[in-house]
Amino acid sequence: MPSSISVPADTILMDADALAAFTAAQTDINNNVTSITAAVAAAGTDGLTGTPLTTAYNIVTTSTATTADGVRLPASKPAGCVVKVHNASANTIEVFPPTGGTINGGSVDASVTIATTKTRDFYNTTALTWFSSLSA
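In this text, residue positions in the sequence shown follow the numbering used here: the first is 95, and each later residue adds one.
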């Protein structure tokens with residue numbers, strides 16, 4: 095006879111296959127999946143050295159005042175991808191497109207900024223073409 099265990103009411107039980115699918119969904123960036131990184135450290139000053147964003151919602155909590163630290167949008171994502179970036183750090187941050195990409199029709203590899211306490215939503219129409227809207 096199997097042993098019994100006590101499980102809190104708000105606990106979700108799943109087998110290994112369900113857990114693998116859930117884990118994959120949490121790390122997949124697209125507008126059908128909610129995935130959050132609650133503590134992103136902005137680093138680097140260009141698209142090559144900026145911290146890569148890996149989830150749909152990203153909260154930047156660390157940046158430095160001496161340089162314009164940045165994060166980088168994901169490359170090779172299908173059209174319709176949505177990435178939100180909230181700047182909870184004490185400094186303005188930069189958001190770079192993937193290498194060779196553009197944001198809001200700007201120059202290739204040029205960044206846009208997000209002031210502290212602001213959120214910018216990014217939408218792509220191709221893997222390298224991104225558009226954004228900034229919160230008020």
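Just so it is clear, CB atoms sit at the ideal spot from N, CA and C, and this is done for glycine as well.
All values reported here derive from a predicted model rather than from experimental measurement.
From residue i to residue j, what distance separates their C-alpha atoms?
i, j, result
"Gly200", "Phe225", "10 Å"
"Asn218", "Val176", "7 Å"
"Leu147", "Ala230", "23 Å"
"Thr117", "Ser205", "No answer about Thr117 holds up, because its pLDDT of 46 lies below 50 and its placement is not dependable."
"Thr160", "Gly174", "35 Å"
"Ala135", "Leu167", "14 Å"
"Ala132", "Thr143", "20 Å"
"Ala169", "Ser129", "17 Å"
"Pro191", "Thr211", "21 Å"
"Val127", "Thr155", "Residue confidence for Val127 is low, a pLDDT of 46 falling below 50, so the modelled location carries little weight; the figure read from the coordinates is stated next. The alpha-carbon atoms of Val127 and Thr155 are separated by roughly 22 Å."
Thinking C-alpha only, which one of the options is nearest residue i?
i, options, result
"His180", "Thr149, Asn198 and Ala221", "Thr149"
"Pro172", "Ala221, Ser227 and Leu228", "Ala221"
"Asn198", "Ser227, Ser170 and Ala209", "Ser227"
Using a Cβ-Cβ cut-off of 8 Å (strictly less than) and excluding sequence neighbours within five positions of residue i, which residues of its own chain qualify?
i, result
"Thr207", "Ala162, Thr186, Ile187, Glu188 and Val189"
"Lys178", "Ala150, Tyr151, Asn152, Thr213, Arg214, Asp215 and Phe216"
"Thr139", "Thr161, Ala162, Asp163, Gly164 and Glu188"
"Ala209", "Asn181 and Thr186"
Below 6 Å CB to CB, which residues in the same chain sit around residue i once its five sequence neighbours on both sides are set aside?
i, result
"Ala137", "Thr145 and Asp163"
"Thr193", "Gly141"
"Ser157", "Ala136, Asp163, Ser183, Asn185 and Ile187"
"Asp203", "Gly141"
Excluding five sequence neighbours on each side, which residues of the same chain lie with their C-beta closer than 7 Å to the C-beta of residue i?
i, result
"Thr240", "The structure shown has nothing for residue 240, since the chain only spans 95 to 230."
Practice prompt. Taking only runs that begin and end inside the segment 127-205, name each unbroken beta strand (DSSP E) of 3 or more residues, in chain order.
Written response: 130-135, 151-156, 164-166, 176-181 and 187-190
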